[in-house]
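Peer 1: I have a structure I would like to understand better, so I am pasting it below and will then ask my questions one at a time.
Residue numbers (my numbering): 55 to 298.
This is the structure we're talking about:
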């Protein structure tokens, strides 16, 4: 319970991060090139060499976009938060991710986000909080409710302490966050193919809070801070911890 959700395909004592169950069940065992691969049930805790996509994400652009730039990591604000009606370990939030209609350019309504944070973060501390979220993952149904984004959080080694990443209040909802030292992000509209979903898995393997509590991406021995227009993204108290 809590930050993790029960995996119905495994033994009762096995717990996995709440979104991994849905993604794994959808794409389990298929690599980006259509070949089978073995399972890896362990959580990634260290940096991992980033793999480059085999071709342009749009099928005709000028060049390859590296994994980390394909992720839509945006600022948002939690407007509502409450328990999931069918799962004690989950909460359901309404999050303003700054979405606008493509044609009218009028603001859209908030996104529904399901997260495995029940018992980890008090609900009354979530409303009004500025957070970081991934907005271009394929929506996933979590115990009957479709989750349209993923909140990023840091966790202690024993998972007893979980903290959502914090963004300065002055950052507008929908702002695309950047990785210091990298070119501007150029995210896919949606990461939904088998190969595209592995892009997020590779990037997630390198997300960590550093010794100052700043959110970073570590790849091939290099560290890149996650930045907003108002400065770095950080945890409240956790340092040297995983982010997922």
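C-beta atoms are modelled at their ideal positions from N, C-alpha and C, and glycine is treated no differently.
Do residue 154 and residue 205 have their CB atoms nearer than 8 Å?
Peer 2: No, they are not a contact pair.
Peer 1: Can you find the residues in the same chain that come closer than 7 Å, C-beta to C-beta, to residue 221, ignoring five residues on each side of it along the sequence?
Peer 2: 129, 184, 185, 186, 282 and 287
Peer 1: Here's a check: name, in chain order, each residue in its chain whose Cβ is nearer than 8 Å to the Cβ of residue 76, leaving out the five neighbours to either side.
Peer 2: Low confidence applies to residue 76: its pLDDT is 44, below 50, so where it sits in the model is not reliable, and the reading given next is rough at best. If the five residues before and after residue 76 are omitted, its C-beta is found closer than 8 Å to the C-beta atoms of 194, 195 and 196, all from its own chain and listed in chain order.
Peer 1: Which two residues bound the contiguous alpha helix (DSSP H) that contains residue 250?
Peer 2: From DSSP, the alpha helix (DSSP H) with residue 250 extends over 248 to 258.
Peer 1: Return the chain-ordered list of same chain residues with a C-beta closer than 6 Å to the C-beta of residue 234, the five sequence neighbours on each side being excluded.
Peer 2: 278, 279 and 281
Peer 1: Using the three-state DSSP reduction, which class does residue 142 fall into: helix, strand or coil?
Peer 2: strand
Peer 1: Report the option in 117, 122 and 297 whose CA atom is closest to the CA atom of residue 213.
Peer 2: 297
Peer 1: Going along the chain, which residues of its own chain have a beta-carbon closer than 7 Å to the beta-carbon of residue 145, five neighbours each way excluded?
Peer 2: 135, 136, 137, 138, 169, 171, 172 and 177
Peer 1: Just how far apart, CA to CA, sit residue 208 and residue 292?
Peer 2: 7 Å
Peer 1: Helix, strand or coil: how does DSSP classify residue 206 here?
Peer 2: coil
Peer 1: Do you know how far the Cα of residue 295 is from the Cα of residue 211?
Peer 2: 7 Å
Peer 1: Just confirm the distance between the C-beta atoms of residue 227 and residue 151, as a whole number of angstroms; I'd bet it's less than 8 Å.
Peer 2: 6 Å
Peer 1: When DSSP labels each residue in this structure, what does residue 262 get in the three-state scheme?
Peer 2: strand
Peer 1: So for residue 123, helix, strand or coil by DSSP?
Peer 2: helix
Peer 1: Quick check on residue 274: buried or exposed, where buried means 16 or more other Cβ atoms within 10 Å of its Cβ?
Peer 2: exposed
Peer 1: Pull up the distance between the alpha-carbon of residue 236 and that of residue 254, whole angstroms please.
Peer 2: Taking the straight line joining both Cα atoms gives about 17 Å.
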